[in-house]
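Protein chains: 4
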Amino acid sequence: KRSRELGIKIGVLSPGTMNAITDVAGVKVGQVTLSEGADVRTGVTAILPHDGNLFQQKVMAAMYIGNGFGKLAGYSQVEELGTLESPIVLTNTLSVPTAADAIIDWTLTQKGNENVRSVNSVVGETNDGYLNDIRGRHVRKEHVLNALAQAVSGQVAEGNVGAGTGTVCFNWKGGIGTSSRKLPKNLGGYTVGVLVQTNFGGVLKVNGVPVGEEMGKYAFKESLDKSSDGSCMMVVATDAPLDARNLKRLAKRVFMGMAQTGGIASNGSGDYVIAFSTANRVLHETSESTFSASYLHNDYVSPLFLAAMESTEEAIINSLLMARTSEGTQGHKVEELPEDKLLEIMRKYGRLKQ
Amino acid sequence: KRSRELGIKIGVLSPGTMNAITDVAGVKVGQVTLSEGADVRTGVTAILPHDGNLFQQKVMAAMYIGNGFGKLAGYSQVEELGTLESPIVLTNTLSVPTAADAIIDWTLTQKGNENVRSVNSVVGETNDGYLNDIRGRHVRKEHVLNALAQAVSGQVAEGNVGAGTGTVCFNWKGGIGTSSRKLPKNLGGYTVGVLVQTNFGGVLKVNGVPVGEEMGKYAFKESLDKSSDGSCMMVVATDAPLDARNLKRLAKRVFMGMAQTGGIASNGSGDYVIAFSTANRVLHETSESTFSASYLHNDYVSPLFLAAMESTEEAIINSLLMARTSEGTQGHKVEELPEDKLLEIMRKYGRLKQ
Amino acid sequence: KRSRELGIKIGVLSPGTMNAITDVAGVKVGQVTLSEGADVRTGVTAILPHDGNLFQQKVMAAMYIGNGFGKLAGYSQVEELGTLESPIVLTNTLSVPTAADAIIDWTLTQKGNENVRSVNSVVGETNDGYLNDIRGRHVRKEHVLNALAQAVSGQVAEGNVGAGTGTVCFNWKGGIGTSSRKLPKNLGGYTVGVLVQTNFGGVLKVNGVPVGEEMGKYAFKESLDKSSDGSCMMVVATDAPLDARNLKRLAKRVFMGMAQTGGIASNGSGDYVIAFSTANRVLHETSESTFSASYLHNDYVSPLFLAAMESTEEAIINSLLMARTSEGTQGHKVEELPEDKLLEIMRKYGRLKQ
Amino acid sequence: KRSRELGIKIGVLSPGTMNAITDVAGVKVGQVTLSEGADVRTGVTAILPHDGNLFQQKVMAAMYIGNGFGKLAGYSQVEELGTLESPIVLTNTLSVPTAADAIIDWTLTQKGNENVRSVNSVVGETNDGYLNDIRGRHVRKEHVLNALAQAVSGQVAEGNVGAGTGTVCFNWKGGIGTSSRKLPKNLGGYTVGVLVQTNFGGVLKVNGVPVGEEMGKYAFKESLDKSSDGSCMMVVATDAPLDARNLKRLAKRVFMGMAQTGGIASNGSGDYVIAFSTANRVLHETSESTFSASYLHNDYVSPLFLAAMESTEEAIINSLLMARTSEGTQGHKVEELPEDKLLEIMRKYGRLKQ
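Here the protein sequences come in this chain order: A, B, C and D.
Residue 8 is where the first sequence starts when you use my numbering, and the numbers rise one by one after that.
Residue 8 is where the second sequence starts when you use my numbering, and the numbers rise one by one after that.
Residue 8 is where the third sequence starts when you use my numbering, and the numbers rise one by one after that.
Residue 8 is where the fourth sequence starts when you use my numbering, and the numbers rise one by one after that.
Right, here's the structure in full:
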């Protein structure tokens with residue numbers, strides 16, 4: 008069950024209808040899960056900012072690097088131009104090139120892109136090598152293209168699915184998680200949605216409750232283990248009219264949301280945030296030298312910051328709650344965060360609503 | 008009373024002897040409080056990395072900008088050269104030039120600095136203009152020089168003192184706070200100490216407990232108020248042998264610690280971290296073209312990250328707990344976080360140790 | 008004489024009417040020169056983006072740090088918010104606090120700013136300590152306020168004037184220089200203007216001609232001297248509608264223009280660029296949460312990049328050509344770049360038009 | 008013929024023995040050229056920092072992004088950790104994923120890397136789509152592996168070779184170019200070597216001579232064409248003991264060297280610099296938490312900056328001089344910079360030695 012279904016209500020703002028990144032109108036998610044035999048526990052999660060030709064109608068975007076031990080593709084162009092021209096694909100560490108290549112295929116073959124000779128594929132990853140035979144590079148182009156083809160709005164599968172199939176978070180089974188916030192009218196009425204691929208560690212807090220300590224599982228408990236390494240890929244979407252500068256600021260608050268779960272962005276963690284806004288589109292071909300756009304004034308962005316922090320915290324907790332115990336390569340097994348025990352702890356700390 | 012004295016025990020690591028930035032050997036703190044008449048509520052807090060000539064024996068340093076709405080002096084040179092050559096002085100927003108000028112005086116007049124013609128003063132600030140007649144610029148050079156002269160190791164005064172005299176945090180009286188962590192031997196045995204000047208907002212959590220919500224005071228509760236604006240200046244010291252690159256990473260974790268208290272780094276907040284290591288000194292005058300230094304390997308820095316997060320969270324909470332209700336200019340009054348009510352809430356949420 | 012008056016024609020684009028930063032409509036420059044007795048050789052150069060209340064009507068802005076060994080004030084806020092709310096003041100290294108303080112005075116006392124409690128003073132500097140008794144800090148607030156009060160559009164004095172009174176460039180007397188480019192209609196028709204304060208070194212090239220080598224004066228000719236240290240402060244203005252992201256890119260091209268003169272951005276050089284656009288104003292007080300503006304599309308910025316490079320190169324050469332031999336503190340003397348010899352070299356290398 | 012063979016002597020410092028990046032001891036270069044039929048004009052250039060297991064014995068490294076319109080792989084991890092753990096491979100824009108994947112193959116299959124589950128492939132690119140059927144993605148993994156296998160020290164082929172097979176520079180045929188500088192003893196005696204893949208534009212200057220103007224070919228001559236778009240990938244190696252911070256500074260001076268040729272880093276250009284030092288190795292597996300190393304003091308890096316600028320300028324000119332007229336896809340043809348005409352112009356401007 009998801010966080011709110013269990014009575015764990017994170018933050019002071021309200022979620023959107025689906026409590027998912029897809030609450031931002033137009034955003035679609037597609038996932039392909041590869042769970043085969045004893046060794047393959049990986050997959051692909053794709054996020055599309057809108058329905059149209061993404062290359063021809065770019066969205067404004069920015070990235071924030073929390074800790075750069077990772078293989079994210081596409082960083083510099085998004086930063087330089089302030090736009091995203093591809094879907095965002097998440098997968099495992101060693102399959103980033105495959106996914107980047109598949110995005111090129113996908114883009115080149117779209118109607119209207121016959122003359123495109125340059126594509127900035129944006130691909131994020133976490134390392135699922137504990138459960139998954141990552142050296143086998145089992146993700147193939149068709150998996151990525153399938154994930155893109157299957158992308159839909161509406162509900163988003165969470166837990167051991169897509170790029171979260173083989174991930175580990177706070178020493179428990181992690182995975183894909185999502186959440187959103189819809190600001191009240193007087194704060195702008197905008198929606199912020201977050202999707203995460205969780206594979207990191209630290210000292211787990213669930214809505215502020217010291218679950219890691221209570222369960223006796225946390226970073227450096229006994230020694231300088233590397234259990235807190237891993238990575239967290241985070242994607243934040245909004246319909247608020249933010250330019251690249253303010254999207255980068257929004258992305259940073261997503262990283263702050265990760266901090267609220269007790270993540271420490273350890274040395275070996277690749278913690279990245281990709282932010283985009285669906286409000287303004289930047290045309291690839293323009294005959295006009297200037298374009299007019301309406302942007303949110305700096306003074307009005309702070310509620311979006313809070314929305315991003317809360318959505319991220321809840322998305323990460325959802326990724327844990329929706330994941331299931333999994334066995335994988337080399338006989339490795341990762342337990343799910345035990346729901347009963349968790350609820351007991353939450354009750355002990357007075358954080359279970361109802 | 009400080010956090011731990013009240014039974015609020017933040018984090019899994021243990022504090023140093025003083026639970027203060029001064030637990031890092033050699034670090035000294037000096038403070039001058041200006042609280043005069045109805046209007047003046049400001050001051051100066053100075054941090055000295057070591058006892059010697061700071062200009063001639065620089066320490067390795069880095070800065071991280073969480074949210075740059077602030078007037079921090081000295082950023083670019085620290086970033087470029089990786090060294091700090093002045094004390095760190097904190098004061099109010101409009102007194103940054105005065106403090107920077109005083110650091111120049113202080114440096115030029117020191118023995119051995121007769122030929123110094125360039126000084127990179129590092130000055131941080133928060134805006135105490137709600138309680139303090141900030142436009143009056145009541146901080147004078149001598150106040151800064153006094154703070155520097157009075158700097159001592161050992162205990163550090165917290166709350167409405169020095170640069171924290173007039174600050175407001177989460178809508179309560181904020182101020183100066185400090186805390187530290189000493190890593191166990193098997194994690195390196197290093198000390199990390201943090202000092203904060205708190206003047207920011209968001210949705211207060213004390214050790215994960217939703218105190219802001221329980222007290223009915225948090226950002227955007229009714230409307231898009233600017234109560235979360237302000238600033239948070241954070242200084243982190245360590246005796247671990249980190250170079251500038253890893254110090255910058257450490258600084259970022261301090262910002263993550265701020266996030267754990269519910270700070271949102273709102274648009275109008277100047278959230279900066281200054282990090283330095285006392286382990287290696289960089290001589291201003293060198294006849295040798297190379298220098299040998301011992302540094303911590305990347306793989307061993309993660310426990311320091313956790314230590315920085317915990318120290319920061321606790322330092323911020325200390326700044327609130329040690330502050331006292333204050334009236335200031337224009338009849339403005341800011342209440343202290345009520346201890347009784349706080350303890351009651353902490354008890355309700357099962358977070359009071361004893 | 009200025010570069011073009013001597014027949015040295017830099018670049019392929021044409022200058023504006025004044026061939027100065029003031030060709031960007033509305034931009035004003037004011038300078039105060041302090042040349043007193045044997046020891047004082049310093050001053051102040053102030054640049055105002057427009058005539059109105061700069062704090063209430065901010066301009067979009069960005070900064071680029073070429074080499075951060077310097078004391079620039081105001082960096083982080085411009086970067087975070089994308090706006091400039093003060094004039095830009097240039098002076099000597101140890102007078103930055105004085106200038107920053109003066110800008111606060113100037114801002115607080117303006118009509119309409121009665122409630123302003125936060126001012127982000129932007130002050131750049133170079134170190135004139137070879138000719139000037141810099142430790143004496145002879146620049147006082149009134150000098151800064153006078154420079155601001157005297158600011159005018161139209162012609163800009165160059166050479167040993169204002170903040171360039173005591174500077175040294177490529178081992179010759181440097182100073183203030185300016186230049187501009189006006190793009191032809193088919194490239195947008197915009198104006199780009201640059202003003203520099205030159206105090207740096209390397210291997211001087213004048214319009215590509217190896218003047219440094221020919222004159223036998225260049226960095227490291229004999230040994231690892233520090234003659235290439237110093238600093239170069241560069242300000243670029245444009246009427247093209249650029250947002251902060253594209254202004255930062257423009258600023259970087261100014262730094263590239265510096266490279267074309269043979270500057271190497273040595274370790275001890277503080278090479279900074281401040282860029283602003285006069286096209287859009289950002290109101291300090293807004294009741295609307297969003298604002299509409301017209302911006303130049305990324306695809307149309309490249310001619311501005313070339314304009315910035317050319318203007319910078321010519322501004323630096325102008326600063327040398329307009330400077331005069333100067334004696335200062337401790338009997339130090341710096342020769343001007345000898346015009347006759349220069350012209351002879353330019354002729355030898357076929358670079359003298361007429 | 009190379010620049011110096013023609014009597015074009017760039018800069019004041021002397022080249023190393025080969026006047027190539029391979030003058031830095033241990034550095035190897037391998038290239039595979041794909042020139043098939045009418046349509047395929049592309050290839051691979053690989054640079055190996057040393058002979059050993061690059062993953063297990065990383066070199067210190069940094070990157071500088073001049074203009075980020077490009078698809079460089081591997082940026083964030085190099086920046087975060089300060090190390091390079093793979094060879095550097097250059098190829099065309101749409102083949103970056105293929106090359107990144109090949110580097111993973113290459114790394115995983117090396118002796119000693121049996122347990123490696125994470126590889127940060129560093130791949131740069133420029134867009135050769137004018138001469139090359141880039142949409143055909145003709146570079147295959149084996150081409151990359153061959154380039155790596157064939158890497159040798161000593162002379163480096165230049166012009167239409169490897170990743171430079173199909174590139175265009177200043178509207179002439181570009182390609183691969185290289186150059187180096189060996190500092191005299193009194194400046195440290197270190198070697199700096201640069202290799203470039205040139206595919207960019209602007210207003211060409213050869214050793215300061217306005218060749219672009221004289222030949223009547225330069226950016227925006229007639230209109231806002233995109234001829235200056237493209238990209239320039241630059242790699243700089245040194246045996247000076249620089250850490251990541253100073254390597255980043257060195258990388259920036261390489262970009263400055265590009266500026267000296269008249270490159271403008273136009274909007275559509277992907278101008279990146281990758282810098283590494285062979286002086287210190289960072290072991291992947293360490294039982295020691297700290298490591299001792301000798302580093303160059305900040306005060307001694309400036310001559311390396313000049314060396315990097317000069318090497319880059321000369322490497323770019325070499326890439327032009329060594330390239331040959333080429334016809335490719337869609338009947339496109341790009342002329343080589345005509346040597347006779349060039350020499351005539353150089354003579355006219357007094358820049359031909361002998």
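All residues carry an ideal CB built from backbone N, CA and C; glycine is no exception.
Practice problem: Per DSSP, which residues does C/Ile95 bridge with? Please list them. | Solution: C/Ile54, C/Val129
Quiz item: With distances taken from CA atoms, which of C/Glu346, C/Lys355, C/Gly357, C/Tyr356 is nearest C/Leu373?
Solution: Because residue 373 of chain C is not part of the residues shown, which for chain C are 8 to 361, the question remains open.
Quiz item: Do the segment 96-104 of chain B and the segment 315-332 of chain B meet, that is, are 3 or more Cβ pairs less than 8 Å apart?
Solution: no
Exercise. Taking C/Thr105 as the query, report the chain B residues whose CB atoms sit under 9 Å from its CB, ordered along the chain.
Key: Pro104, Asp108
Quiz item: So, does the CB of B/Asp92 fall closer than 8 Å to a CB anywhere in chain C?
Solution: In the sequence as presented, Asp is not what sits at residue 92 of chain B; that position holds Glu. No, B/Glu92 does not count as interfacial toward chain C.
Quiz item: Is B/Tyr197 closer than 8 Å to B/Met241 when the C-beta atoms are compared?
Solution: no
Practice problem: Could you tell me whether the Cβ atoms of B/Ile17 and B/Asn214 are closer together than 8 Å? | Solution: yes
Exercise. Can you say whether C/Glu292 is buried or exposed, counting buried as having 16 or more other CB atoms within 10 angstroms of its CB?
Key: exposed
Exercise. Could you tell me if A/Thr116 is buried or exposed, where buried requires 16 or more neighbouring beta carbons within 10 angstroms of its beta carbon?
Key: exposed
Exercise. Could you list which residues in chain D have their beta carbon closer than 9 Å to that of A/Thr205, in chain order?
Key: None at all; the shortest Cβ gap to chain D is about 17 Å.
Exercise. Determine the direct distance from the alpha carbon of C/Lys78 to that of C/Gly277, and round the result to whole angstroms.
Key: 8 Å
Quiz prompt | Where A/Asp278 sits in the DSSP three-state scheme | solution = strand
Quiz item: For B/Thr336, which of helix, strand or coil comes out of DSSP?
Solution: helix
Exercise. Determine, using beta carbons only, whether D/Arg260 comes closer than 8 Å to chain B.
Key: no
Practice problem: Using a Cβ cut-off of 8 Å (strictly closer), state whether B/Tyr137 contacts chain A. | Solution: no
Quiz prompt | From B/Glu343, B/Leu359, B/Gly270, B/Ser318, residue whose alpha carbon lies closest to that of B/Asn26 | solution = B/Ser318
Exercise. Out of D/Ala154, D/Phe62, D/Val341, D/Leu359, point me to the one whose CA is closest to D/Val123's CA.
Key: D/Phe62
Practice problem: With a cut-off of 8 Å on the beta carbons, I'd call D/Asn139 and D/Thr49 a contact; round off their distance for me. | Solution: 4 Å
Quiz item: Taking buried to mean at least 16 other C-beta atoms within 10 Å of its own C-beta, is A/Gln267 buried or exposed?
Solution: buried
Quiz item: Under the DSSP definition of a beta bridge, which residues are partnered with C/Ala69?
Solution: C/Ala282
Quiz prompt | Whole-angstrom C-beta distance between A/Leu97 and A/Glu132, which should lie under 8 Å | solution = 7 Å
Quiz item: Taking only beta-carbon atoms, is B/Ser125 less than 8 Å away from chain C?
Solution: yes
Quiz item: Helix or strand or just coil, what does DSSP make of B/Val85?
Solution: helix
Quiz item: Using a beta-carbon distance below 8 Å, is D/His304 in contact with chain B?
Solution: yes
Quiz prompt | Integer-rounded CB distance, given that B/Ser301 should sit under 8 Å from B/Gly182 | solution = So it is not a contact: roughly 37 Å between Cβ atoms.
Self-check item: Within the segment 215-261 of chain C, ranges of the alpha helix (DSSP H) (whole runs, at least 4 residues)
Solution: 218-222
Quiz item: Using the rule of at least 16 other Cβ atoms within 10 Å of the residue's Cβ for burial, across every protein chain shown, is B/Asn193 buried or exposed?
Solution: exposed
Quiz prompt | Below-8 Å beta-carbon distance, D/Pro248 vs any chain B residue | solution = yes
Practice problem: Could you check what DSSP says for B/Lys192 in three-state terms: helix, strand or coil? | Solution: helix
Self-check item: Any C-beta of chain A under 8 Å from that of C/Phe76
Solution: no
Quiz item: Closer than 8 Å, CB to CB, is C/Tyr71 near chain D or not?
Solution: no
Practice problem: Return yes when the Cβ of A/Ile110 is within less than 8 Å of the Cβ of A/Lys93, no when it is not. | Solution: Contrary to the premise, residue 93 of chain A reads as Ser rather than Lys in this sequence. Cβ distance < 8 Å, so A/Ser93 and A/Ile110 count as in contact.
Quiz item: C/Val201 and C/Ala53 look like a contact to me (Cβ under 8 Å); what is the Cβ gap, rounded to whole Å?
Solution: Going by Cβ atoms, the distance from C/Val201 to C/Ala53 rounds to 16 Å, so no, they are not a contact pair.
Exercise. Report the residue from A/Met222, A/Thr172, A/Glu295 whose alpha carbon sits nearest the alpha carbon of A/Lys340.
Key: A/Thr172
Exercise. Name the two residues that bound the continuous alpha helix (DSSP H) containing D/Ser160.
Key: It is not in any alpha helix (DSSP H) - D/Ser160 carries neither H nor E in the DSSP assignment.
Practice problem: Kindly say whether A/Glu342, judged by its beta-carbon, lies nearer than 8 Å to any beta-carbon of chain B. | Solution: no
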